[in-house]
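Q: First the structure, then my questions, so here it is.
Protein chains in written order, with the numbering used here: chain X, 796 to 1143; chain L, 796 to 1143.
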């Protein structure tokens, strides 16, 4: 289940807004193509957004008409700033853009700067899949045979450079011979749970039961699941987890019912600097709430509020699974330790 | 906004599954008509279900070919049991059916039993609207001018014999000159929030903002609302509140964020007998989750779990507004006191 293909002067990505009905590949080459694909959520999932963003400026570097490294760097900084404005909340996008910019800045001369940008984007893609496989391997130790787990939104191959984060944990447990049943929330407004998570789990042969978002509380209080695994768009050093709206209620109810709540994300999702009160939470267009797949479901003239994310405080988080290991509370120390650990993905 | 009209040998109810797109009145006369309308949720809302159920057996009494009061009572008991099986979780239905049966049982002779059944159904309808107006008046004292409140599902005129319970409180505050803004959850799977609550509030001119169910946590933690008002399908003497799935997460998050959580329901919703572990929670057909307004939104072959209700424990409930006053914790005592209070609806 590839979500991205890299070509010479463009990349192709699956239009995730059309799945599972249709599998359409979008070719992205101009900066506008990239901004539109990310902003419209045709491409989504924090790690994948980072990867696609990285290619957005790498390809801009490749075709730039700049005649000096300085001019190129200025052009790329503007491009990065445009891309970042399309989805400001996730950490992976700014992390990936910064990494590509840094590699170009460190390069010797204009041509080497172009090549460095492209090389870095490719490295980000490759490393993300490796990181996911490591997350899967490490996280799968937390899953018991026969267990039912709850997940929210989509955190599979489609959301990443490959394999998946929270869904990667579930998949690794399954591939390691453990029987797992997944309760998947549909994840309104854009239904990443019903459209994408169910689609991926079905292809993998992993049993899944779809529930509406409001039913997560009942599923937890009725003892139908014994663990929760979700992804993240940004993890603060304090352990605050910014993820798809609806995550915070699940985390609070998991705690209330004694069900461990795990976050699975690569270290590129960790933000070591921003305090929680400075995180910019994206509000998306009301039309996503007022319609479903293009069809109006509320009376005309009604207003809607559409926060794309919410913030889960660290007190509800049992552990954060990264490719370098699991961080446990207190997170400020454990996440810092993980970040300082040398990069050495567990071999898959 | 009437939801029910009473005729000589039938009643008409609004088909709530078609709102707000179309306003279609369904005529119900046979017992099968009643069972189907309630079971399919074309008629919904705990108080309205009770009222419609009462007319279901009252009209069965009216047209019964029974030649003795004993035979009539047996027939009505069977009819009541059929109706009850269509929506077993709400208290109002069993309460209303029992009240009609009791009135027929206490009557002198066959003909008087028929008349008593019809009289009782009419009384239940009239009293429900009076109770709602009293709930509105009493509950509106809890609403401050300029406040934003959160509600879930639909608890307006459409859900009741008229005026509404939780929405009745909001409406009474508004009609009393208080500015209120309502955040309404869409309430998947059947979208009573977006389809019905937004529709009713818009007609009343009360400002409303629609959110997806998963966004309730963010709305509470971001301080966008300062009170929650919901209805109930069954309130236990312990203070456990059984209501539309998704209520429990809202209640837990309200508590977590210091936002008072109020339940508005007539005393006919209070169940003084059943302990929480004996409450039968209805699971509805998976197709409601897998489709939206008849259109499939998940891949074929995916299973779904569709609990219609959840249970909110009393520790999350700030107060229960009834037509006889507000019950505060500890509920076992305050609810018992309310039930023992003579019936004397506050004049509207």
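Ideal Cβ placement from N, Cα and C applies to all residues, glycine included.
Specify the secondary structure class of residue 925 of chain X as computed by DSSP and reduced to three states.
A: Within the first chain, residue 925 of chain X is the residue found at index 130, counting from 1. Here residue 925 of chain X sits in helix by DSSP.
Q: In the segment 1019 to 1035 of chain L, which residues sit with their C-beta less than 9 Å from some C-beta in chain X, listed in chain order?
A: 1019
Q: With a threshold of 6 Å on Cβ separation, who are the neighbours of residue 1141 of chain L within its own chain once the five nearest residues in sequence on each side are excluded?
A: Along the second chain, read from residue 1 onward, the residue named residue 1141 of chain L stands at position 346. Caution is warranted here: a pLDDT of 46 is assigned to residue 1141 of chain L, below 50, making its placement in the model unreliable, and the coordinate value is therefore given only provisionally. Same-chain partners within the cutoff: 929 and 932.
Q: Where does residue 1132 of chain L land, buried or exposed, given buried means 16+ other C-beta within 10 angstroms?
A: One-based indexing of the second chain puts residue 1132 of chain L at position 337. Classification of residue 1132 of chain L: exposed, given that the 10 Å Cβ count is below 16.
Q: Going by DSSP in three states, residue 1069 of chain X sits in which element: helix, strand or coil?
A: Locating residue 1069 of chain X in the first chain gives position 274, counting from the first residue. Looking at residue 1069 of chain X - three-state DSSP - the assignment turns out to be coil, as it is neither helix nor strand.
Q: Per DSSP, what kind of secondary structure is residue 810 of chain X in: helix, strand or coil?
A: Position 15 of the first chain holds residue 810 of chain X. DSSP places residue 810 of chain X in coil when its eight states are reduced to three.
Q: When DSSP labels each residue in this structure, what does residue 846 of chain X get in the three-state scheme?
A: Position 51 of the first chain holds residue 846 of chain X. Residue state, collapsed to three classes: helix.
Q: Can you list the residues of chain L that residue 1016 of chain X reaches, using a CB-CB cut of under 8 Å?
A: Numbered from its first residue, the first chain carries residue 1016 of chain X at position 221. In chain order: 1043, 1105 and 1106.
Q: On the criterion of 16 or more Cβ atoms from any shown chain inside 10 Å, does residue 820 of chain X qualify as buried, or is it exposed?
A: As a working mapping, residue 820 of chain X is identified with position 25 in the first chain. With fewer than 16 Cβ atoms within 10 Å of its Cβ, residue 820 of chain X is classed as exposed.
Q: Along the segment 981 to 994 of chain X, where does the CB come closer than 8 Å to a CB of chain L? Name the residues.
A: 981, 982, 983, 984, 986, 989, 990, 993 and 994
Q: Based on Cα-Cα distance, which residue from L:1105, L:1138, L:1122 and L:1061 lies nearest to residue 754 of chain L?
A: Shown here, chain L extends from 796 to 1143; a query on residue 754 of chain L therefore has no answer.
Q: In the DSSP assignment, the alpha helix (DSSP H) including residue 897 of chain X goes from what residue to what residue?
A: Walking along the first chain from the start, residue 897 of chain X turns up at place 102. Here the alpha helix (DSSP H) through residue 897 of chain X covers 886 to 901.
Q: For residue 1087 of chain X, which residues in chain L fall below 7 Å Cβ to Cβ?
A: What you label residue 1087 of chain X is simply residue 292 of the first chain in a count that begins at 1. 1087, listed in chain order.
Q: Applying a beta-carbon distance threshold of less than 8 Å, which residues of chain X neighbour residue 1099 of chain L?
A: As a working mapping, residue 1099 of chain L is identified with position 304 in the second chain. Chain X residues near residue 1099 of chain L: 1004, 1005 and 1006.
Q: In angstroms with no decimal places, state the Cα-to-Cα distance between residue 1134 of chain X and residue 868 of chain X.
A: As a working note, residue 1134 of chain X is residue 339 in the first chain. As a working note, residue 868 of chain X is residue 73 in the first chain. The alpha-carbon atoms of residue 1134 of chain X and residue 868 of chain X are separated by roughly 27 Å.
Q: Can you give me, in chain order, the residues of the segment 1046 to 1075 of chain L that have a beta carbon less than 8 Å from any beta carbon in chain X?
A: 1047, 1048 and 1051
Q: Just how far apart, CA to CA, sit residue 1143 of chain X and residue 947 of chain X?
A: Residue mapping note: residue 1143 of chain X aligns to position 348 of the first chain, counting from 1. Residue mapping note: residue 947 of chain X aligns to position 152 of the first chain, counting from 1. At residue 1143 of chain X the pLDDT is 37, less than 50, meaning the model places this residue with poor confidence and gives no usable figure here.
Q: If we cut at 8 Å on Cβ distances, does residue 1040 of chain X have a partner in chain L?
A: For the purposes of this step, residue 1040 of chain X is taken as the residue at position 245 of the first chain. Between residue 1040 of chain X and chain L, the shortest Cβ-Cβ separation is below 8 Å.
Q: Under three-state DSSP, which class holds residue 1140 of chain X?
A: Looking up residue 1140 of chain X in the first chain gives position 345. Note that residue 1140 of chain X scores a pLDDT of 49, beneath 50, so its modelled location is shaky and nothing firm can be said.
Q: May I ask which residues mark the beginning and end of the beta strand (DSSP E) holding residue 1105 of chain X?
A: Along the first chain, one-based indexing puts residue 1105 of chain X at 310. Run containing residue 1105 of chain X: 1104 to 1107, per the beta strand (DSSP E) assignment.
Q: Nearest to residue 979 of chain L by CA position, among L:973, L:972, L:990 and L:971, is which residue?
A: What you label residue 979 of chain L is simply residue 184 of the second chain in a count that begins at 1. Cα-wise, what sits closest to residue 979 of chain L is L:990.
Q: Could you tell me which chain X residues have their CB closer than 7 Å to the CB of residue 1013 of chain L, listed as they occur along the chain?
A: Taking the first residue of the second chain as 1, we reach residue 1013 of chain L at position 218. Those are 1040, 1043, 1102 and 1105, listed as they occur along chain X.
Q: I believe residue 832 of chain X touches residue 838 of chain X by the beta-carbon criterion, under 8 Å. Please report the beta-carbon distance rounded to the nearest angstrom.
A: Here residue 832 of chain X is taken as the residue at index 37 of the first chain, counted from 1. Here residue 838 of chain X is taken as the residue at index 43 of the first chain, counted from 1. About 5 Å; that satisfies the 8 Å criterion.
Q: Along the chain, which unbroken stretches of the beta strand (DSSP E) at least 3 residues long are found entirely within the segment 963 to 1005 of chain X?
A: Correct list: 975 to 980.
Q: Out of curiosity, what's the CA-to-CA distance linking residue 1103 of chain X and residue 1014 of chain L?
A: To locate residue 1103 of chain X, count along the first chain from 1; it is residue 308. To locate residue 1014 of chain L, count along the second chain from 1; it is residue 219. C-alpha separation (whole angstroms): 12 Å.
Q: Rank X:812, X:1024 and X:1044 by C-alpha distance to the C-alpha of residue 1012 of chain L and give the top, closest one.
A: Working through the second chain from its first residue, we reach residue 1012 of chain L at position 217. Nearest of X:812, X:1024 and X:1044 to residue 1012 of chain L, Cα basis: X:1044.
Q: Which residues mark the beginning and the end of the beta strand (DSSP E) in which residue 1128 of chain L is found?
A: Here residue 1128 of chain L is taken as the residue at index 333 of the second chain, counted from 1. Unbroken run through residue 1128 of chain L is the alpha helix (DSSP H), 1126 to 1135; no beta strand (DSSP E).
Q: Just confirm the distance between the C-beta atoms of residue 872 of chain L and residue 896 of chain L, as a whole number of angstroms; I'd bet it's less than 8 Å.
A: Residue 872 of chain L sits at position 77 when you count from the first residue of the second chain. Residue 896 of chain L sits at position 101 when you count from the first residue of the second chain. That belief holds up - the Cβ atoms of residue 872 of chain L and residue 896 of chain L are roughly 6 Å apart, short of 8 Å.
Q: Going by DSSP in three states, residue 798 of chain L sits in which element: helix, strand or coil?
A: Your numbering for residue 798 of chain L matches position 3 in the second chain. Under the three-state reduction of DSSP, residue 798 of chain L is assigned to coil, being neither helix nor strand.
Q: So what does residue 1057 of chain X bridge to, in DSSP terms?
A: On the first chain, position 262 is the one that residue 1057 of chain X refers to. Bridge partners of residue 1057 of chain X: X:1024 and X:1114.
Q: Please list the terminal residues of the continuous alpha helix (DSSP H) segment that includes residue 946 of chain X.
A: Within the first chain, numbered from 1, the residue matching residue 946 of chain X stands at position 151. Element bounds for residue 946 of chain X: not the alpha helix (DSSP H) but the beta strand (DSSP E), 942 to 946.
Q: Compute the Euclidean distance between the alpha carbons of residue 962 of chain X and residue 858 of chain X, then round it to the nearest angstrom.
A: Counted from its first residue, the first chain places residue 962 of chain X at position 167. Counted from its first residue, the first chain places residue 858 of chain X at position 63. Between residue 962 of chain X and residue 858 of chain X, the C-alpha separation is close to 36 Å.
Q: Quick one: list the residues of chain X neighbouring residue 748 of chain L, beta-carbon separation under 8 Å, in chain order.
A: The structure shown has nothing for residue 748 of chain L, since chain L only spans 796 to 1143.
Q: Closer than 8 Å, CB to CB, is residue 885 of chain L near chain X or not?
A: The residue given as residue 885 of chain L occupies position 90 in the second chain. Not an interface residue.
Q: Could you check whether the Cβ of residue 868 of chain X sits closer than 7 Å to any heavy atom belonging to the ligand COA?
A: Looking at this structure, you won't find the ligand COA or any other ligand, since it has none at all.
Q: List, in order along the chain, the chain X residues whose C-beta lies closer than 7 Å to that of residue 929 of chain L?
A: Taking the first residue of the second chain as 1, we reach residue 929 of chain L at position 134. Residues of chain X passing the Cβ test: none, with the nearest at roughly 29 Å.
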